[in-house]
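Since the structure comes first, as structure tokens, the remarks are kept for the end.
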Ligand SMILES: NC(=O)c1ccc[n+]([C@@H]2O[C@H](COP(=O)([O-])OP(=O)(O)OC[C@H]3O[C@@H](n4cnc5c(N)ncnc54)[C@H](OP(=O)(O)O)[C@@H]3O)[C@@H](O)[C@H]2O)c1
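In the UniProt record's numbering, the protein residues as written are 1 to 346.
Spelled out as structure tokens, the structure:
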């Protein structure tokens with residue numbers, strides 16, 4: 001199903017079409033808009049991976065959406081045209097998401113479902129049971145994308161009994177045993193595509209040094225106005241790795257401040273969109289997937305409507321984003337009791 005290792009991933013904006021996305025509007029998302037071109041809504045497009053699968057460029061984020069709220073959010077998203085839901089075992093809400101999908105009537109083959117392998121399940125014997133739990137909860141027999149959630153493995157115990165994080169050093173230093181298990185699950189048909197989250201360039205390259213059968217196609221990382229990571233983005237493009245923007249609006253603590261930034265309010269006014277749409281349009285125009293989280297139907301609808309920004313406005317936002325010191329919003333290294341920075345070089 002997936003092409004063999006080092007087969008370049010084609011990361012290009014394309015129509016959301018073919019088997020998974022036939023119900024989506026048939027519009028193209030241009031990454032090189034002409035200056036002054038007419039602004040038209042560009043709902044959901046996608047990127048074609050080397051597997052041949054098309055991943056929609058907007059997905060609904062589901063972190064910190066409670067089991068009670070997330071079902072309504074998923075239904076609102078599906079009726080607004082989303083066909084990509086970003087899940088994780090650790091979010092604890094996959095069952096509610098699965099129920100909502102079933103009730104929505106949207107066909108499984110028209111949906112892109114991503115989930116993530118939690119840190120305590122990196123031991124090769126734990127990977128398949130963890131995936132199976134996710135599949136059962138989501139009510140599906142396969143995932144379109146399965147990601148390693150964090151580049152750190154922790155011991156199952158004491159995590160399962162006390163929630164305490166103790167680093168599994170061998171499996172953190174060398175993720176190949178975990179990766180090999182994921183490759184087996186691709187061959188079994190339980191996963192269509194594999195990737196990682198929160199990997200620095202160094203960590204990604206370390207993994208790639210192994211004789212991989214299937215290479216990671218995606219790196220889901222924090223990408224926002226506050227932490228735009230231009231170097232990581234340039235590297236990803238050069239390595240044909242698709243980035244997915246987690247916390248694209250700055251996350252729940254920064255979203256208000258993000259949406260009040262003059263650069264977004266001004267661009268929004270000029271092209272007659274909302275500040276949230278300006279943020280998400282800019283990110284999509286950088287060539288990445290965006291995963292805005294909301295449990296409010298009006299915001300969910302708002303967040304899927306992107307436009308192709310005129311080049312000068314795109315560049316204005318890009319300049320503003322890269323010209324202040326970057327600030328990472330999510331770094332759990334301290335909270336998890338680590339004496340190292342997950343995002344440090346090594
Ligand atoms: N792989 C990883 O380690 C990782 C890490 C972080 C995030 N993620 C993924 O990325 C997703 C998004 O990240 P995030 O949840 O941290 O942050 P986010 O999407 O940047 O921001 C979410 C916050 O913005 C609010 N919001 C959303 N749309 C809005 C709008 N149009 N106007 C005003 N407020 C709006 C939401 O509130 P309401 O819900 O009340 O609308 C929520 O408080 C996550 O849900 C998760 O799926 C992955």
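Glycine is no exception: its CB is placed at the ideal position from the N, C-alpha and C atoms.
Note that the coordinates shown come from a computational prediction; the quantities given were computed from them, not determined experimentally.
1. Given a cut-off of 8 Å, decide if residue 321 and residue 281 are closer than it, judged by their beta-carbon atoms.
2. Just list the residues that DSSP pairs residue 56 with in beta bridges.
3. Which of the three DSSP states, helix, strand or coil, is assigned to residue 61?
4. With a cut-off of 8 Å, does the C-beta of residue 237 fall near any C-beta of chain C?
5. To which residues of the same chain is residue 289 closer than 6 Å at the C-beta, ignoring the five residues directly before and after it?
6. Could you check whether the stretch 170-190 touches the stretch 120-133, counting it as contact only if at least three pairs of C-beta atoms, one from each stretch, sit closer than 8 Å?
7. Let me know the secondary structure DSSP gives residue 196 once reduced to three states.
8. Apart from the five residues on each side of it in sequence, which residues of its chain come closer than 8 Å, Cβ to Cβ, to residue 92?
9. CA-CA distance, residue 273 and residue 73?
10. With a threshold of 7 Å on Cβ separation, who are the neighbours of residue 252 within its own chain once the five nearest residues in sequence on each side are excluded?
11. In terms of DSSP beta bridges, what is residue 353 paired with?
12. For the pair the stretch 204-222 and the stretch 260-273, tell me if three or more CB-CB distances fall below 8 Å.
13. Decide if residue 59 is buried, meaning its Cβ has at least 16 other Cβ atoms within 10 Å, or exposed.
14. Would you check if there are 3 or more beta carbon pairs closer than 8 Å linking the stretch 152-161 to the stretch 181-190?
15. For residue 335, which of helix, strand or coil comes out of DSSP?
16. From 201, 215 and 111, pick the residue whose C-alpha is nearest to that of residue 86; which is it?
17. Tell me the start and end of each unbroken alpha helix (DSSP H) in the stretch 300-329 that is at least 4 residues and wholly inside, in chain order.
18. Going along the chain, which unbroken runs of the beta strand (DSSP E) with 3 or more residues stay wholly within the stretch 135-159?
19. Would you say residue 235 and residue 201 are within 8 Å of each other, going by their C-beta atoms?
20. Mind checking whether residue 338 and residue 328 have CB atoms under 8 Å apart?
21. Give me the Cα-Cα distance between residue 196 and residue 293, rounded to the nearest whole angstrom.
22. Decide if residue 256 is buried, meaning its Cβ has at least 16 other Cβ atoms within 10 Å, or exposed.
According to the structure data:
1. The residue given as residue 281 occupies position 281 in the chain shown. The residue given as residue 321 occupies position 321 in the chain shown. Not in contact: residue 281 and residue 321 (Cβ atoms no closer than 8 Å).
2. What you label residue 56 is simply residue 56 of the chain shown in a count that begins at 1. According to DSSP, which records beta bridges pairwise, residue 56 is partnered with 46.
3. Here residue 61 corresponds to residue number 61 of the chain shown, with the count starting at 1. Shown here, residue 61 sits in a strand according to DSSP, grouped into three states.
4. The structure shown contains no chain C, having only a single protein chain.
5. Walking along the chain shown from the start, residue 289 turns up at place 289. The residues 57 and 244, in chain order, have a CB closer than 6 Å to that of residue 289 in the same chain once the five nearest residues on each side in sequence are set aside.
6. Output reads yes: the stretch 120-133 touches the stretch 170-190.
7. Here the question's residue 196 lines up with position 196 in the chain shown. Here residue 196 sits in strand by DSSP.
8. In the chain shown, residue 92 corresponds to position 92, counting from 1. Within the same chain, Cβ atoms closer than 8 Å to the Cβ of residue 92 are found at 67, the five residues on either side in sequence being excluded.
9. Residue numbering aside, residue 273 sits at position 273 when the chain shown is read from its first letter. Residue numbering aside, residue 73 sits at position 73 when the chain shown is read from its first letter. Each residue's CA atom was taken as its position, placing residue 273 and residue 73 some 22 Å apart.
10. Residue numbering aside, residue 252 sits at position 252 when the chain shown is read from its first letter. Answer for residue 252: 64, listed in chain order.
11. Any question about residue 353 goes unanswered here, given that the chain covers just 1 to 346.
12. Too few Cβ pairs lie closer than 8 Å, so no.
13. Here residue 59 corresponds to residue number 59 of the chain shown, with the count starting at 1. Buried.
14. No, they do not touch.
15. Numbered from its first residue, the chain shown carries residue 335 at position 335. Coil.
16. Residue 86 sits at position 86 when you count from the first residue of the chain shown. Closest option to residue 86, Cα to Cα, is 111.
17. Fully enclosed alpha helix (DSSP H) runs of 4 or longer: 311-322.
18. Qualifying beta strand (DSSP E) stretches, in chain order: 145-148.
19. Working through the chain shown from its first residue, we reach residue 235 at position 235. Working through the chain shown from its first residue, we reach residue 201 at position 201. Yes, these two residues count as a Cβ contact at 8 Å.
20. The sequence position of residue 338 within the chain shown is 338, counting from 1. The sequence position of residue 328 within the chain shown is 328, counting from 1. Between residue 338 and residue 328, the C-beta spacing is not below 8 Å.
21. The residue given as residue 196 occupies position 196 in the chain shown. The residue given as residue 293 occupies position 293 in the chain shown. The straight-line gap from Cα to Cα measures roughly 19 Å.
22. Indexing the chain shown from 1 puts residue 256 at position 256. It counts as exposed.
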